[in-house]
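Just so you know, the sequence shown maps onto residues 13 to 334 in this note's numbering. We treat Cβ as the ideally placed atom computed from N, Cα and C, and that holds for glycine.
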Amino acid sequence: MPTWRALISDVKKQKRYVRNVLEPDIQKAMNNNDGSLDEEDFRKIRGYYGFGVPAIVGEGFCTLRGRAMSEKERLANTYQGALTGLFDDFFDKTNPDRDDILKMMNNPEVYHAQSSLERLFVDFLSKVHKNIDNKQSFALTFRQVFDAQVESQAQMRNDITLDQIRTITFSKGGHSLLFYRSVFENKLSDTEEEALFTAGGLMQLGNDIFDVWKDAPQNIKTLVTACENISKVREVFKEQMNKTLSLFEQTSFPRTNIRRYLHKLVLGISRCYVCLDQLEGLEKQSSGQFNPSAYSREEMICDMEKPLNMFRSVRYYLNYTF
């Protein structure tokens, strides 16, 4: 099956799952909302994490191993994705005591939720716990995500260096991808772990490239907002991309599975080059120095639904050889 057709099939399957399985939980939470959940939370659950994590990330793991996602894995990965945005809220919006966050993470079934946000988080997490076998691995990777999230708070500091930002970015993305991998039944090898950690860093940098319009006004230092030249970001991105491809080639999965996975990965991540092109165009307008404060929100948002941008993304994808 061609890569694009496989992706469409994965997307359609997960959209049905969200509608049939996750939507009732969303409706219940909306009806009992005390105001701590907002429209953005529900949008992220439906259209981003609860949908995209299983449809793109989870299906990618299954492509590598050569076995379809089980019902148990899909349920765990869906609710794992759905709780991601809520987890982010604890650091970005509500700021509860960090010991309380750890209590929710470690024992959601007995935690006494203080808000609708916390209640939905522990409900989703409890459903994940009921559908995984290796709870130790899940707990370990979740704690690593927590630690990486705490470390990322340093990105609000004005004295943070580009090297520190790079380390935080790749650590946050790498641990997040391994967290999503932890609910799948097949054993994680050392070579797969290294490849996924590197791929996660690449994906996090990709998110930062697209989120520059949102991060810059909040004074969040990413490799994009803190740089003065987009070509340097492109260089780091390309280096991480090539390292990721090389590491997957070194895993013990069948060659055919690796190729299929990499085609999916590169097809999805190539859109970042389109966004980099757009940001470089803005840089030229400001005397060759990238300055987010000089551009409007609309100028920095890269709309990948535009046919021309889609074409450009596919062109970058076709330039890669596997």
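Proximity of residue i and residue j at Cβ, strictly below 7 Å
i	j	result
tyrosine 329	glycine 72	no
threonine 15	leucine 279	yes
glutamine 297	isoleucine 232	no
threonine 90	glycine 62	yes
glutamine 262	threonine 203	yes
cysteine 287	isoleucine 180	no
lysine 199	asparagine 143	no
glutamate 247	glutamine 301	no
lysine 147	glycine 97	no
serine 127	alanine 160	no
glycine 212	glutamine 252	no
threonine 153	leucine 190	yes
glutamine 88	valine 140	Position check: residue 88 holds alanine in this sequence, whereas glutamine was assumed. Yes, the Cβ-Cβ distance between alanine 88 and valine 140 is below 7 Å.
tyrosine 307	leucine 320	no
leucine 259	glutamate 206	yes
methionine 215	glycine 185	yes
Distance between beta carbons of residue j and residue i, contact taken as under 8 Å
i	j	result
leucine 137	proline 120	4 Å
serine 310	isoleucine 242	The sequence given here places glutamate at residue 310; serine does not occur at that position. Actually they are not in contact, since the Cβ atoms of glutamate 310 and isoleucine 242 sit about 18 Å apart, beyond 8 Å.
glutamine 290	tyrosine 192	The pair is not a contact, with the Cβ atoms about 29 Å apart (cut-off 8 Å).
Proximity winner among the options, relative to residue i (alpha-carbon distances)
i	options	result
arginine 283	Met322, Ser299, Leu294	Met322
tryptophan 225	Phe103, Ser305, Asp171, Tyr123	Ser305
leucine 337	Asp109, Leu217, Ser188, Lys244	Residue 337 lies beyond the stretch modelled for the chain, which goes from 13 to 334, so this question has no answer here.
glutamate 130	Glu247, Ile113, Gly64, Val162	Ile113
alanine 238	Gln148, Ala18, Leu217	Leu217
phenylalanine 150	His124, Leu87, Ser194, Tyr29	Ser194
aspartate 104	Gln176, Glu206, Met81, Gln230	Gln230
asparagine 219	Glu206, Val245, Glu197	Val245
threonine 268	Ala41, Arg77, Ile313, Gly186	Arg77
leucine 174	Val236, Asp46, Pro266	Val236
serine 82	Thr333, Arg271, Tyr332, Lys25	Lys25
methionine 116	Val134, Arg86, Asp109	Val134
Status (buried if at least 16 other CB within 10 Å, exposed otherwise) for residue i
i	result
aspartate 227	buried
histidine 275	buried
glycine 69	In the sequence as displayed, the identity of residue 69 is valine instead of glycine. Burial call: buried.
lysine 250	exposed
isoleucine 20	exposed
alanine 80	exposed
leucine 277	buried
glutamate 51	exposed
glycine 59	exposed
glycine 47	exposed
Continuous alpha helix (DSSP H) stretch holding residue i: start and end
i	result
glutamate 311	309-312
arginine 155	147-163
arginine 267	267-281
histidine 187	174-193
alanine 207	202-222
glutamate 74	Correcting the residue identity first, residue 74 is cysteine in this sequence and not glutamate. Counting along the chain, the alpha helix (DSSP H) containing cysteine 74 begins and ends at 71-77.
lysine 25	15-29
threonine 90	83-101
proline 319	319-330
threonine 256	242-261
histidine 124	It is not in any alpha helix (DSSP H) - histidine 124 carries neither H nor E in the DSSP assignment.
methionine 116	110-118
proline 36	35-43
aspartate 53	51-59
arginine 131	128-141
Cβ-heavy atom distance, residue i to the ligand FAD, below 6 Å
i	result
alanine 125	Among the components of this structure there are no ligands whatsoever, and the ligand FAD is therefore not found.
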